[in-house]
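Have a look at the structure below, then the notes.
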Amino acid sequence: MSRIFSGIQPTGDLQLGNYLGALKNWVMLQHDHDCIYCVVDLHAITMWQDPKLLAPNTREVTAGLIASGLDPDKNIIFNQSQVPQHAELAWIFNCVSRLGWLNRMTQFKDKAGKDRENASVGLYAYPNLMASDILLYKANGVPVGEDQKQHLELSRDIAQKFNNDYGVDFFPLPEPLILGEATRVMSLRDGTKKMSKSDPSEASRINMTDGPDSIAKKIRKAKTDPEDLPGDPKDLAGRPEAANLIGIYAALSDQSLADVCTQFDGAQFSAFKVDLTELAVSVLGPIGKEMARMMRDPVYLDGVLSTGSERARAIAVPILGDVYDIVGLLQSQS
Ligand code: AQP
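Residue numbering for the sequence shown follows our numbering, starting at 3 and increasing by one per position.
This is the structure in structure tokens:
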């Protein structure tokens with residue numbers, strides 16, 4: 003795998019699902035790959051964002067990436083709007099992608115809800131911009147949570163159709179990298195619903211900046227079922243809340259589901275929750291503190307994003323130039 007790309011939206015407090023489904027894997031991949039990590043602010047505005055909060059949220063997510071262990075010198079870390087080529091390639095892809103493909107996207111259906119006529123065109127075309135983010139760097143590996151798998155498949159379809167339409171072998175077909183034991187972390191209040199930054203219920207998620215008391219309270223109140231914990235992961239079928247909490251424990255402790263089930267075979271949720279709290283506080287506590295420290299230094303964070311954007315543009319500009327040539331758009335030579 004030569005180049006890795008992934009993105010994260012500055013839409014509010016980072017939550018445990020972002021950490022386990024994305025950031026933790028990004029940190030691991032940085033050791034052996036050429037990685038580009040993007041704070042996707044243009045994606046964020048597909049839903050209303052308070053203009054006063056967008057810049058601080060962008061800095062906070064950047065702090066989250068670095069505090070989780072990403073090295074800003076080794077990796078390219080930047081925010082999407084500082085590299086206008088993302089939006090330019092997305093327009094080309096708006097002309098390659100098909101309405102029928104976008105109509106099948108479940109994230110649009112979930113986010114637009116019942117009032118679909120009132121959703122933004124940007125929210126509908128979101129997957130085309132995501133394809134542009136990845137293909138602008140000819141990235142071939144994309145570490146994401148399970149929820150983004152369908153969008154990744156669409157990126158592959160767009161790459162393939164572009165190559166076919168123009169008779170070239172230009173874009174690679176990007177592979178989703180869905181890693182770890184918690185690829186889809188669920189809400190603490192409802193084990194059938196994804197944990198999400200934008201869930202109105204604060205109790206549904208653990209934020210990466212939550213302190214020990216808040217983490218303990220949320221885990222104590224997390225929904226469970228009346229059974230004890232099983233010794234075999236197969237017996238988690240039909241028990242979404244138990245599966246979620248055990249999956250979180252496994253991912254946070256770098257163990258397999260089977261090992262965690264063996265460890266807690268027959269335990270009551272009350273005892274398990276005490277151990278889970280201790281583990282979550284030990285992993286997230288230092289990250290949250292480091293994020294708070296970095297947030298007091300916006301000049302440093304803005305510098306990281308500005309340098310990262312420059313490095314990203316150096317890769318993106320020639321690739322977009324080649325795309326314009328392939329499409330046949332007349333460009334001035336000066
Ligand atoms: N619950 C989750 N479990 C596993 N992975 C998750 N990711 C998000 N939630 C979970 C992964 O985090 C990365 C960044 O996601 P994003 O911020 O770009 O958008 P999202 O997937 O829509 O995340 P949220 O928290 O639900 O944001 P909002 O509420 O703004 O929509 C992705 O790799 C994603 O898979």
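Cβ atoms here follow ideal geometry from the backbone N, Cα and C, with glycine treated the same way.
Answer yes or no: the CB of residue i versus the heavy atoms of ligand 1, is any distance below 7 Å?
i	result
V187	yes
V343	Nothing about residue 343 can be read from this structure; the chain reaches only from 3 to 336.
A253	no
Q17	yes
T13	yes
D212	no
A224	no
S8	yes
G23	yes
D135	no
N77	no
N142	no
N20	yes
D36	no
Q150	yes
K291	no
S206	no
M30	no
V42	yes
S203	no
S200	yes
M197	yes
What whole-angstrom Cβ distance do residue i and residue j have, given they're in contact under 8 Å?
i	j	result
V306	I79	6 Å
S99	M132	Wrong, their Cβ atoms sit about 11 Å apart, outside the cutoff.
A65	M293	4 Å
V63	I10	6 Å
N142	P176	5 Å
V29	L72	6 Å
A184	A252	7 Å
G23	G147	3 Å
Y21	L67	Not quite, the Cβ-Cβ distance comes to about 10 Å (not below 8 Å), so this is no contact.
P174	K140	6 Å
F266	L231	5 Å
L181	P145	6 Å
I6	L31	5 Å
K223	A244	With a Cβ gap of about 16 Å, K223 and A244 do not count as contacting.
I328	Y168	5 Å
N246	V187	7 Å
DSSP three-state call for residue i: helix, strand or coil?
i	result
F172	coil
V144	strand
I10	strand
R118	helix
Y139	coil
R191	coil
I180	coil
V41	strand
R186	coil
D167	helix
D36	strand
Q17	strand
Run the CB neighbour count on residue i, radius 10 Å, all protein chains shown included, and call it buried at 16 or more, exposed below.
i	result
H45	buried
S200	exposed
P202	exposed
D149	buried
R295	exposed
G19	buried
V285	buried
E312	exposed
N209	buried
H88	buried
S105	Residue identity differs from the one stated: residue 105 is Asn in this sequence, not Ser. The residue in question, N105, is exposed, as its Cβ has fewer than 16 Cβ neighbours within 10 Å.
Y128	buried
T264	exposed
S272	exposed
L101	exposed
R338	What is shown of the chain runs 3 to 336, which leaves residue 338 out entirely.
P320	exposed
C37	buried
K291	exposed
R298	exposed
Compare the C-beta of residue i against all C-beta atoms of chain B and say whether one is closer than 8 Å.
i	result
L154	No chain B appears in the structure shown, which is made up of a single protein chain.
Complete alpha helix (DSSP H) runs within the stretch 265 to 322 (minimum length 4 residues, chain order): If we require 4 residues or more, the alpha helix (DSSP H) runs fully inside the stretch 265 to 322 come out as 271 to 297.
Ordered list of alpha helix (DSSP H) runs contained in the stretch 47 to 108, each at least 4 residues: Runs of the alpha helix (DSSP H) inside the stretch 47 to 108: 53 to 70, 87 to 96 and 101 to 105.
Runs of alpha helix (DSSP H) lying entirely within the stretch 198 to 256, each at least 4 residues, in chain order: Counting only runs of 4 or more, we get 214 to 223 and 242 to 255.
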